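Inspection log for the structure reproduced underneath, given as structure tokens.
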């Protein structure tokens with residue numbers, strides 16, 4: 001069955017096409033977030049894991065009205081193919097949304113997408129050859145790491161602190177990577193209410209980061225899903241506003257309206273935008289006219305800024321519930337205290353391992369995302385991402401209490417068996433009360 | 001500004017990031033179809049170019065009812081992220097749709113997508129390394145050629161006739177490509193009411209094509225957007241039904257419901273399906289829950305087979321209008337007479353060039369797609385794809401009459417200047433009545 005010129009096409013019993021996949025396919029792996037979606041769906045588990053927005057804070061009748069109006073007034077357009085760049089009216093409204101973060105763009109340079117994840121994927125497709133380097137915060141968004149890996153790029157993390165990316169660390173990292181003879185294609189950054197770290201790039205650092213990238217000829221890919229979801233004052237203006245020719249900006253309606261529509265966008269310099277439209281057409285012909293028109297009608301007929309303000313209130317309350325619970329139940333640990341967005345980054349003592357602890361946590365009916373998901377280089381074992389976006393304040397309090405039970409239990413166990421070896425060995429050898437098999441739906 | 005280790009990152013005046021793109025980006029080119037979408041949108045032009053379905057044949061209130069029910073009964077699910085594989089209920093309904101073409105699949109092996117174009121893109125992403133060969137009909141779907149090119153694969157066309165792919169030609173092509181030491185990743189085929197050729201793979205050839213692929217270890221990618229849109233008897237059963245382990249099947253609701261939802265799907269063998277889900281999550285996190293639920297509700301609450309039958313009637317009438325007009329106005333030419341789908345393939349005399357003739361056609365207010373769009377190897381100058389899906393029968397008749405004026409005008413010109421050189425030279429040098437600049441929106 002196998003021709004002699006295609007030796008690698010040999011299959012195996014599990015997959016007859018095993019030898020036929022592209023090289024890049026080996027970079028596709030089930031993310032920890034993916035496995036956690038399965039866990040999170042069990043109703044008895046308090047999930048502090050997923051990044052699902054609180055869509056119940058959106059009045060359903062407002063959306064229904066928009067949908068009904070679109071179908072009545074623009075039905076044939078909503079049902080038809082559209083342009084690869086997206087519906088012009090919506091692209092104009094997207095300019096209004098971005099203006100809130102200091103961006104002055106042209107409607108010609110906006111390209112809509114099936115969520116900003118698709119924009120991230122297509123920009124990566126346009127720029128990344130195998131072996132190219134992408135710079136990213138330390139830690140960085142798990143879904144972006146997956147995209148870069150699928151294009152066989154290598155992520156090099158840049159140190160961050162409570163004020164976001166550290167300009168001096170960025171400079172040093174660039175020098176080091178260049179000295180290794182490797183090619184940097186872009187800096188991927190989430191400046192506002194970072195996923196997963198919860199930190200925001202300070203106003204003073206923004207021009208510094210831009211200047212470092214400019215002087216090294218490095219494009220910036222600015223991903224800003226959370227910028228409008230601030231709990232007190234707005235974050236500083238977008239990096240894009242400081243260097244429109246050097247920044248590709250990604251935005252989305254997933255957090256300020258609803259992810260179910262899958263409507264996001266890119267604002268890109270002219271030449272990149274041209275290529276992005278072609279890449280969009282190749283990937284999907286055109287984004288959903290139906291979804292885009294519903295979002296456009298929603299923006300036209302609703303006080304959408306008031307709705308965003310109402311989302312801010314929901315998430316502010318949940319963030320406070322989480323910080324209060326952490327202070328009460330885990331006072332000996334440290335965490336970030338975000339001023340917006342969805343996530344808190346919890347640091348564990350060096351003796352604990354967030355990934356190995358997860359099965360125990362799920363048995364205690366609480367789920368989180370281990371820090372390892374947010375590093376491309378194996379780090380993150382001493383960190384946890386906690387999401388406060390989806391559960392109610394009461395559930396958050398319950399979840400953090402359960403998490404504290406797990407963490408404190410591990411620490412006590414460690415203390416009891418001090419000096420006898422790493423904790424996972426202790427678990428296996430000493431703790432007969434623990435079922436050794438983790439739930440099968442956790443990778 | 002440019003580091004010495006990244007010499008290729010040198011930009012230019014038009015695009016400072018010119019040297020930074022991935023190698024694959026050079027394979028992205030504006031398709032002729034894309035440029036034609038712009039032309040087709042001018043109301044005075046009769047477009048026989050695009051493949052837009054007749055969504056006005058779908059009762060708007062039926063869709064509106066489905067949308068309203070989804071928002072009322074499943075609002076929070078419709079607005080939220082979903083699974084990368086797609087909504088389970090819809091995947092079950094997709095099995096019912098495929099059963100009409102002889103397919104018995106498992107709901108576990110169905111993966112929904114942002115239109116079947118995305119499925120095509122992601123399967124290509126999973127399988128194609130630069131330099132790999134994809135076999136495809138001669139001619140083949142322009143949107144597929146674009147995808148393969150974007151992954152730096154090379155398309156080798158296989159001869160077809162009125163009964164579709166020729167098994168002997170397939171065999172010979174495989175041998176030739178293997179003898180050249182090149183690696184074939186899959187056969188891409190549209191067996192039913194082919195785009196653009198309008199032909200259907202005969203029942204006797206189907207097992208032969210499958211056997212040739214099986215014996216050479218070649219995966220089949222079966223793209224079937226038009227199979228249910230037959231004008232008389234249904235086409236033979238899908239290739240997938242003959243070899244479920246050797247065929248990846250692509251389907252869509254774009255032609256049997258509406259493209260604006262962007263809902264298509266893949267039915268794939270288990271191991272490929274697993275990788276496809278990961279690729280989907282990397283590309284877009286999850287397909288639109290909103291769109292999928294609306295389609296699912298439409299299928300659950302409507303006599304969707306009757307609606308497909310009503311579409312069949314619309315397209316049958318339009319096809320007949322086109323064939324009648326061709327018989328009347330261009331009796332000296334030949335064309336395919338499809339028994340379903342959207343397209344007629346018109347052959348031109350060798351002396352004409354469909355691509356060079358297009359600007360003149362647009363000036364005569366008729367648009368078509370030149371055959372060159374459907375070949376990866378430069379052929380197609382003596383063919384035209386005519387779409388009968390979107391214009392009314394009257395418009396089709398008018399469009400074909402205008403086209404005949406252009407074609408007959410070109411032939412007369414040729415006859416007048418017989419022996420003086422190719423027609424485009426004649427145009428440039430001899431015909432002062434013609435404006436030498438083609439419309440800028442046609443490539």
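Chains as they are written, first to last, in UniProt numbering: chain H, 1 to 443; chain R, 1 to 443. The C-beta atom is built at its ideal place from N, Cα and C for all residues, glycine as well. Just so you know, these numbers come straight off a predicted model, no measurement behind them.
(request) Report yes or no: is there a C-beta of chain H within less than 8 Å of the C-beta of residue 91(R)? (result) Taking the second chain and counting its residues from 1, the one referred to as residue 91(R) is at position 91. Cβ-Cβ to chain H under 8 Å: no for residue 91(R).
(request) Kindly identify the DSSP beta-bridge partner or partners of residue 248(H). (result) The residue labelled residue 248(H) in the question sits at position 248 within the first chain. Paired residues: 221(H).
(message) Can you tell me where the beta strand (DSSP E) holding residue 346(R) begins and where it ends?
(response) Here residue 346(R) refers to the residue found at position 346 of the second chain. Its beta strand (DSSP E) spans residues 343-347.
(request) Return no unless some Cβ of chain H is closer than 8 Å to the Cβ of residue 17(R). (result) By 1-based counting over the second chain, the position of residue 17(R) is 17. Answer yes: the Cβ-Cβ gap between residue 17(R) and chain H drops below 8 Å somewhere.
(request) Tell me whether residue 185(H) sits in a helix, a strand or coil according to DSSP, three-state version. (result) Within the first chain, residue 185(H) is the residue found at index 185, counting from 1. It is a strand residue.
(message) Rounding to the nearest angstrom, what Cα-Cα distance links residue 334(R) and residue 327(R) in this structure?
(response) Walking along the second chain from the start, residue 334(R) turns up at place 334. Walking along the second chain from the start, residue 327(R) turns up at place 327. Those two C-alpha atoms are separated by around 9 Å.
(message) Could you compute how far the alpha carbon of residue 387(H) sits from the alpha carbon of residue 73(H)?
(response) If you number the first chain from 1, residue 387(H) lands on position 387. If you number the first chain from 1, residue 73(H) lands on position 73. Answer to the nearest angstrom: the Cα atoms are 39 Å apart.
(message) Taking the alpha helix (DSSP H) that residue 157(R) belongs to, which residues open and close that run?
(response) Your numbering for residue 157(R) matches position 157 in the second chain. Careful: residue 157(R) lies outside any alpha helix (DSSP H), inside the beta strand (DSSP E) at 154-161.
(request) Could you name the residues of the same chain whose beta carbon sits closer than 8 Å to that of residue 445(H), not counting the 5 residues immediately before and after it, in chain order? (result) The structure shown has nothing for residue 445(H), since chain H only spans 1 to 443.
(request) Assign residue 138(R) to one of three DSSP states: helix, strand, or coil. (result) Here residue 138(R) refers to the residue found at position 138 when the second chain is read from its first residue. Residue 138(R): strand per DSSP, three-state reduction.
(message) Below 9 Å on C-beta distance, what does residue 342(R) contact in chain H?
(response) As a working note, residue 342(R) is residue 342 in the second chain. Ordered by position in chain H, no residue passes the 9 Å Cβ test against residue 342(R), which lies about 13 Å from the chain.
(request) Just mark residue 230(H) as buried or exposed, buried being the case when its beta carbon has 16 or more other beta carbons within 10 Å. (result) As a working note, residue 230(H) is residue 230 in the first chain. With 16 or more other Cβ atoms within 10 Å, it is buried.
(request) Can you say whether residue 331(H) is buried or exposed, counting buried as having 16 or more other CB atoms within 10 angstroms of its CB? (result) Here residue 331(H) refers to the residue found at position 331 of the first chain. Answer is exposed; the Cβ neighbour count stays below 16.
(request) Determine the closest residue to residue 184(H) out of 418(R), 22(R), 349(R), 313(R), with distance taken between C-alpha atoms. (result) Residue 184(H) sits at position 184 when you count from the first residue of the first chain. When each option's Cα is compared against that of residue 184(H), the closest is 22(R).
(request) Would you mind telling me which residues of chain H sit closer than 9 Å to residue 243(R), beta carbon to beta carbon, in chain order? (result) What you label residue 243(R) is simply residue 243 of the second chain in a count that begins at 1. What residue 243(R) touches in chain H: nothing, since even the nearest Cβ is about 11 Å away.
(request) Check the Cβ of residue 67(H) against every Cβ in chain R and list those closer than 7 Å, keeping chain order. (result) Here the question's residue 67(H) lines up with position 67 in the first chain. Chain R residues near residue 67(H): 67, 71.
(request) Compare the beta carbon distance of residue 113(R) and residue 287(R) with 8 Å and say whether it is the shorter of the two. (result) Position 113 of the second chain, counted from the start, is the residue given in the question as residue 113(R). Position 287 of the second chain, counted from the start, is the residue given in the question as residue 287(R). Cβ distance < 8 Å, so residue 113(R) and residue 287(R) count as in contact.
(message) Give me the residue from 343(H), 379(H), 342(H) with the minimum Cα distance to residue 525(H).
(response) This structure does not reach residue 525(H), given that chain H is present from 1 up to 443, and the question cannot be answered.
(message) I'd like to know whether the C-beta of residue 211(R) is nearer than 8 Å to at least one C-beta of chain H.
(response) Taking the first residue of the second chain as 1, we reach residue 211(R) at position 211. Not one chain H Cβ lies under 8 Å of residue 211(R).
(request) Report the three-state DSSP secondary structure of residue 119(R) (helix, strand or coil). (result) On the second chain, position 119 is the one that residue 119(R) refers to. Residue state, collapsed to three classes: helix.
(request) Could you tell me which of 103(H), 316(H), 398(H) sits nearest to residue 267(H), measuring between CA atoms? (result) Locating residue 267(H) in the first chain gives position 267, where the first residue counts as 1. Out of 103(H), 316(H), 398(H), 103(H) has the C-alpha closest to the C-alpha of residue 267(H).
(message) Less than 8 Å between CB atoms is the rule here; does residue 272(H) satisfy it with respect to chain R?
(response) Your numbering for residue 272(H) matches position 272 in the first chain. At least one chain R Cβ lies under 8 Å of residue 272(H).
(request) Tell me, please, whether the CB atom of residue 416(R) is closer than 8 Å to any CB atom in chain H? (result) As a working note, residue 416(R) is residue 416 in the second chain. Chain H contact via Cβ: absent.
(message) For residue 259(R) and residue 53(R), which I take to be in contact (beta-carbon distance under 8 Å), what is that distance rounded to the nearest angstrom?
(response) Position 259 of the second chain, counted from the first residue, corresponds to residue 259(R). Position 53 of the second chain, counted from the first residue, corresponds to residue 53(R). Indeed they touch by this definition, with Cβ atoms about 6 Å apart.
(request) Taking 8 Å as the threshold, find out whether the region 342-355 of chain R comes into contact with the region 60-72 of chain R through three or more Cβ pairs. (result) no
(request) Go ahead and pull the three-state DSSP assignment for residue 313(R). (result) Mapped onto the second chain, residue 313(R) falls at position 313. Correct three-state label for residue 313(R): helix.
(request) Mind listing the chain R neighbours of residue 376(H)? Cutoff is C-beta to C-beta under 9 Å, in chain order. (result) As a first step, residue 376(H) must be located in the first chain, where it is residue number 376. Correct list: empty, because the minimum Cβ distance to chain R is about 14 Å.
(request) Can you say whether residue 157(R) is buried or exposed, counting buried as having 16 or more other CB atoms within 10 angstroms of its CB? (result) In the second chain, residue 157(R) corresponds to position 157, counting from 1. Residue 157(R) comes out buried.
(request) List the endpoints of the continuous beta strand (DSSP E) containing residue 264(H). (result) Position 264 of the first chain, counting from 1, holds the residue named residue 264(H). Where residue 264(H) is concerned, the enclosing beta strand (DSSP E) stretches over 263-267.
(request) Tell me whether residue 283(R) is buried or exposed, calling it buried when 16 or more other Cβ atoms sit within 10 Å of its Cβ. (result) Indexing the second chain from 1 puts residue 283(R) at position 283. Residue 283(R) comes out buried.
(message) Across the region 203-213 of chain R and the region 160-180 of chain R, are there enough close Cβ pairs to call them in contact, namely three or more that are closer than 8 Å?
(response) yes
(request) Run down chain H in chain order and give the residues with a C-beta less than 8 Å from the C-beta of residue 275(R). (result) Start at 1 with the first residue of the second chain, and residue 275(R) comes out as number 275. 21, 25, 28, listed in chain order.
(message) Using a Cβ-Cβ cutoff of less than 6 Å, which residues in the same chain neighbour residue 375(R) once the five nearest sequence positions on both sides are dropped?
(response) In the second chain, residue 375(R) corresponds to position 375, counting from 1. Answer for residue 375(R): 139, listed in chain order.
(request) Ignore the nearest five residues each way along the sequence and tell me which others in residue 360(H)'s own chain have a CB closer than 6 Å to its CB. (result) Residue 360(H) sits at position 360 when you count from the first residue of the first chain. Contacts found: 406.
(request) Check the Cβ of residue 284(H) against every Cβ in chain R and list those closer than 8 Å, keeping chain order. (result) Counting from 1 along the first chain, the entry for residue 284(H) is found at position 284. The answer, in chain order, is 114, 115, 117, 118, 121, 262.
(request) Inspect the beta-carbon positions of residue 294(H) and residue 70(H) and report whether they are closer than 8 Å. (result) Locating residue 294(H) in the first chain gives position 294, where the first residue counts as 1. Locating residue 70(H) in the first chain gives position 70, where the first residue counts as 1. Taking 8 Å as the Cβ cut-off, residue 294(H) and residue 70(H) qualify as a contacting pair.
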